[in-house]
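One structure is given here, and the rest of the page talks about it.
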Amino acid sequence: MDAKEIIARRVAKLFKDGDFVNLGIGLPTQVPNYLPKGVEVILQSENGMVGLGPVKDGHEDSNLCNAGGQPCGAIKGASFFDSATSFALIRGGHVDYTVLGALEVDEHGNLANWIVPGKMVPGMGGAMDLVIGAKTVVIAMQHTQKGAKKILKECTLPYTALGVVDLIVTEMGVMKCTRKGLVLAEINPDYTVEDVQAATGCTLIIPKSLKKMKV
Amino acid sequence: MKNKIIAKEEVKKLVRDGMTIMVGGFLAKGTSETVIDQIVASGVKDLTIIANDGGTITTGVGKLIANNQVKTLYASHIGLNKMVGQKMEAGELEVVLIPQGSLAEAIRAGGSGLGGVLTPTGVGTIVEEDHRHVYKTIKLDGKKYLIEKPLHADLTVLRGFKADTFGNVYYEKTSRNFNPMMAFAGDVVVVGADEIVEKGKLNPNDVVTPGVLVDYIVKEGE
């Protein structure tokens, strides 16, 4: 199992049946492939729909796409609306979970995921609104980027928002953001606590009851 | 009553150098390519474009950017059109990045007579310092908010799935996106419609954009 699949599988286990979820572009879009049996989540797409699903029977509709501009389908019970309504759902606290990638996260729950000045300026899209508004903000990402640490004491890149991250899920484990700092709540048994700490730029709080991460 | 249906070539008469144009669409889905093509053909320069994103090199507002007609782009995301970033780096295009939800609300405010938008989105980030679209940050009842400026345009370009001859517009699925708010925020509004039907043929319950807002209707794709 590669790192991305481990992460997607663990994130999928966070949800309970009926949760209302927005998934970011990239790794998070793999999450629905691993939902436990009996758990159905309702997906929001910030370009204006609730009830995002896969393309049906190869039939692509030019008026139906996801937030990455890719063709998608609509499940039974879906609805469409304009962008202001879409972000009222997001900013207004109606979305249970948002799952996004990150460039950097720090121990204060600060997030940087939209710009590398002078190198990559894609824009924030809906990310700033999503992390401000969703009830639970989950960062799903590989623990390091080509060896460089991404979980830090302080973000070095421009922030997306301050103090918004609730959970970080990586191939090494699950970290919870608390007022005292980052708690390593679960660890992938393929790694030791020392491995995880060595790949992390801030001091992790290790609880007595450190759980094994199940995927 | 005035006939709102015009030949697509008439769009050229609606545009001039230096004007501000809002264009509906999300990654060009829900953008009137027919109207955009006419603005490209008009050759007008120094446009300020307000749109969700930069389209792609061959679709949506990306075609105007590729043709060097755009001076400033207000958008939330430009990552899927590399040309936009390149032109920005080269100093050929000014890009004002606004969080997507704030952009939607700033347009809504601009079309609904509101003086701005209070939003917690962007607090504590470099967005707060971008006074091209943010007045300032204020604290109300202990919580910080940015005051986003309302956005308004000289011309709005909509894409409708169906429009009736009165200008009522029905949108299809996710092609609705920014179109309904933009319909309010432009002095002149032109809709590119896939299908034009007689007044009375749209169910009033299905009308999202009231026809009183629409000045011109162009048949999309002709």
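Protein chains in written order, with this note's numbering: chain L, 168 to 382; chain U, -2 to 219. Idealized CB from N, CA, C, for every residue including glycine.
For residue 238 of chain L: DSSP bridge partner residues
Residue numbering aside, residue 238 of chain L sits at position 71 when the first sequence is read from its first letter. Paired residues: L:232.
Along chain L, which residues have their Cβ under 7 Å away from the Cβ of residue 2 of chain U?
The residue you call residue 2 of chain U lines up with position 5 of the second sequence. Here the premise fails: no neighbours, minimum Cβ distance about 22 Å.
Could you confirm whether any beta carbon from chain U is found closer than 8 Å to the beta carbon of residue 251 of chain L?
Counting from one through the first sequence, the residue named residue 251 of chain L turns up at place 84. So, interface residue.
CB contact below 8 Å: residue 301 of chain L versus chain U:
To locate residue 301 of chain L, count along the first sequence from 1; it is residue 134. No, residue 301 of chain L lies away from the interface with chain U (no Cβ there is under 8 Å from its Cβ).
Proximal residues to residue 140 of chain U (C-beta, below 8 Å), its chain only, five neighbours per side dropped
For the purposes of this step, residue 140 of chain U is identified with residue 143 of the second sequence, where counting begins at 1. Shown here for residue 140 of chain U: same chain residues with a beta carbon closer than 8 Å to its own, the five before and five after excluded, namely 117 in chain order.
Starting from the Cα of residue 338 of chain L, find the closest Cα among L:209, L:363, L:276 and give me that residue.
Stepping through the first sequence from its first residue, residue 338 of chain L is reached at position 171. Nearest C-alpha to residue 338 of chain L: L:363.
Let me know if residue 211 of chain L comes out buried or exposed under the rule of 16 or more other beta-carbons within 10 Å of its beta-carbon.
By 1-based counting over the first sequence, the position of residue 211 of chain L is 44. Residue 211 of chain L comes out buried.
Does the separation of the CB atoms of residue 151 of chain L and residue 238 of chain L fall below 8 Å?
Because chain L is modelled from 168 through 382, residue 151 of chain L falls outside the range shown and cannot be assessed.
Would you check if the distance between the CB atom of residue 49 of chain U and the CB atom of residue 22 of chain U is smaller than 8 Å?
Position 52 of the second sequence holds residue 49 of chain U. Position 25 of the second sequence holds residue 22 of chain U. In this structure, residue 22 of chain U lies closer than 8 Å to residue 49 of chain U by Cβ.
Consult DSSP for residue 173 of chain U and reduce its assignment to one of helix, strand or coil.
Indexing the second sequence from 1 puts residue 173 of chain U at position 176. The answer is coil: DSSP assigns residue 173 of chain U none of H, G, I, E or B.
Integer-rounded CB distance, given that residue 152 of chain U should sit under 8 Å from residue 166 of chain U:
Your numbering for residue 166 of chain U matches position 169 in the second sequence. Your numbering for residue 152 of chain U matches position 155 in the second sequence. Actually they are not in contact, since the Cβ atoms of residue 166 of chain U and residue 152 of chain U sit about 16 Å apart, beyond 8 Å.
According to the Cβ coordinates, are residue 187 of chain U and residue 168 of chain U closer than 8 Å?
Translated into the one-based positions of the second sequence, residue 187 of chain U becomes position 190. Translated into the one-based positions of the second sequence, residue 168 of chain U becomes position 171. Contact: no.
Please look up how many angstroms separate the CB atoms of residue 360 of chain L and residue 344 of chain L, rounded, as I've assumed it's under 8 Å.
Position 193 of the first sequence, counted from the first residue, corresponds to residue 360 of chain L. Position 177 of the first sequence, counted from the first residue, corresponds to residue 344 of chain L. Actually they do not touch by this definition, with Cβ atoms about 18 Å apart.
Cα separation between residue 43 of chain U and residue 297 of chain L?
In the second sequence, residue 43 of chain U corresponds to position 46, counting from 1. In the first sequence, residue 297 of chain L corresponds to position 130, counting from 1. Cα to Cα, residue 43 of chain U sits roughly 33 Å from residue 297 of chain L.
What does residue 82 of chain U touch in chain L if you count any residue whose Cβ is under 7 Å from its own?
In the second sequence, the residue the question calls residue 82 of chain U occupies position 85. Result: 288.
Going by Cα to Cα distance, which pick from U:124, U:160, U:159, U:211 is closest to residue 144 of chain U?
Start at 1 with the first residue of the second sequence, and residue 144 of chain U comes out as number 147. It is U:124.
Can the beta-carbon of residue 75 of chain U be found closer than 8 Å to that of residue 92 of chain U?
The residue given as residue 75 of chain U occupies position 78 in the second sequence. The residue given as residue 92 of chain U occupies position 95 in the second sequence. Yes. Within cutoff.
Per DSSP, cross-strand counterpart(s) of residue 351 of chain L:
Position 184 of the first sequence, counting from 1, holds the residue named residue 351 of chain L. BP columns for residue 351 of chain L point to L:342.
Quick check: is the beta carbon of residue 374 of chain L nearer than 8 Å to any beta carbon in chain U?
Mapped onto the first sequence, residue 374 of chain L falls at position 207. Output row for residue 374 of chain L: interface = no.
Per the contact definition of three or more C-beta pairs closer than 8 Å, is the stretch 298 to 311 of chain L in contact with the stretch 259 to 267 of chain L?
yes
Comparing the C-beta of residue 291 of chain L with each C-beta of chain U, is any distance below 8 Å?
Mapped onto the first sequence, residue 291 of chain L falls at position 124. Judged by the 8 Å Cβ criterion, residue 291 of chain L is in contact with chain U.
Validate contact between the stretch 193 to 208 of chain L and the stretch 273 to 282 of chain L using beta carbons, cut 8 Å, 3 pairs:
Note that the stretch 193 to 208 of chain L does not touch the stretch 273 to 282 of chain L; fewer than 3 beta-carbon pairs, one per stretch, sit closer than 8 Å.
Straight-line gap, residue 126 of chain U to residue 244 of chain L (C-alpha atoms, nearest Å):
Locating residue 126 of chain U in the second sequence gives position 129, counting from the first residue. Locating residue 244 of chain L in the first sequence gives position 77, counting from the first residue. The alpha-carbon atoms of residue 126 of chain U and residue 244 of chain L are separated by roughly 42 Å.
Just to check my reading of the structure: residue 97 of chain U and residue 292 of chain L have Cβ atoms closer than 8 Å, yes? What is that Cβ distance to the nearest angstrom?
Position 100 of the second sequence holds residue 97 of chain U. Position 125 of the first sequence holds residue 292 of chain L. Residue 97 of chain U to residue 292 of chain L, Cβ: 5 Å. Contact.
Sorted by chain position, which residues of the same chain lie with C-beta nearer than 7 Å to residue 327 of chain L's C-beta, five sequence neighbours on each side aside?
On the first sequence, position 160 is the one that residue 327 of chain L refers to. 278, 279, 280, 281, 291, 294, 295, 298, listed in sequence order.
Can you list, in chain order, the residues of its chain whose CB lies under 6 Å from that of residue 367 of chain L, leaving out five sequence neighbours each side?
For the purposes of this step, residue 367 of chain L is taken as the residue at position 200 of the first sequence. Excluding residues within five positions, the ones whose Cβ falls inside 6 Å are 318.
Under 8 Å Cβ to Cβ from residue 174 of chain L, same chain only, skipping five residues before and after it: list those, please.
As a first step, residue 174 of chain L must be located in the first sequence, where it is residue number 7. Around residue 174 of chain L: 194, 307, 308, 309, 336, 337, 338.
Contact with chain L by residue 119 of chain U, beta-carbon distance below 8 Å:
Along the second sequence, one-based indexing puts residue 119 of chain U at 122. Judged by the 8 Å Cβ criterion, residue 119 of chain U is in contact with chain L.
Determine whether the Cβ of residue 218 of chain L lies closer than 8 Å to any Cβ atom of chain U.
Start at 1 with the first residue of the first sequence, and residue 218 of chain L comes out as number 51. No - not a single Cβ of chain U is within 8 Å of the one on residue 218 of chain L.
Straight-line Cα distance separating residue 355 of chain L from residue 187 of chain L:
Residue mapping note: residue 187 of chain L aligns to position 20 of the first sequence, counting from 1. Residue mapping note: residue 355 of chain L aligns to position 188 of the first sequence, counting from 1. If I take the Cα positions, the gap works out to 27 Å.
In the structure shown, what three-state DSSP assignment does residue 203 of chain U receive?
As a first step, residue 203 of chain U must be located in the second sequence, where it is residue number 206. Correct three-state label for residue 203 of chain U: helix.
For my contact list, residue 271 of chain L and residue 369 of chain L are in at a C-beta cut-off of 8 Å; report their separation, rounded to the angstrom.
Here residue 271 of chain L is taken as the residue at index 104 of the first sequence, counted from 1. Here residue 369 of chain L is taken as the residue at index 202 of the first sequence, counted from 1. 11 Å between Cβ atoms; not a contact.
Own chain, CB closer than 7 Å to residue 235 of chain L, minus 5 neighbours either side, in chain order
For the purposes of this step, residue 235 of chain L is taken as the residue at position 68 of the first sequence. Short of 7 Å from the beta carbon of residue 235 of chain L, and not among the five residues preceding or following it, lie these beta carbons of its own chain, in chain order: 192.
Residues of the stretch 317 to 330 of chain L whose Cβ lies closer than 8 Å to any Cβ of chain U, in chain order
325, 326, 327, 328, 329
When burial is assigned at 16 or more other CB atoms within 10 Å of the CB, is residue 129 of chain U buried or exposed?
Position 132 of the second sequence, counted from the start, is the residue given in the question as residue 129 of chain U. It counts as exposed.
Chain-ordered residues of the stretch 201 to 216 of chain L with a beta carbon less than 9 Å from chain U:
212, 213, 214, 215, 216
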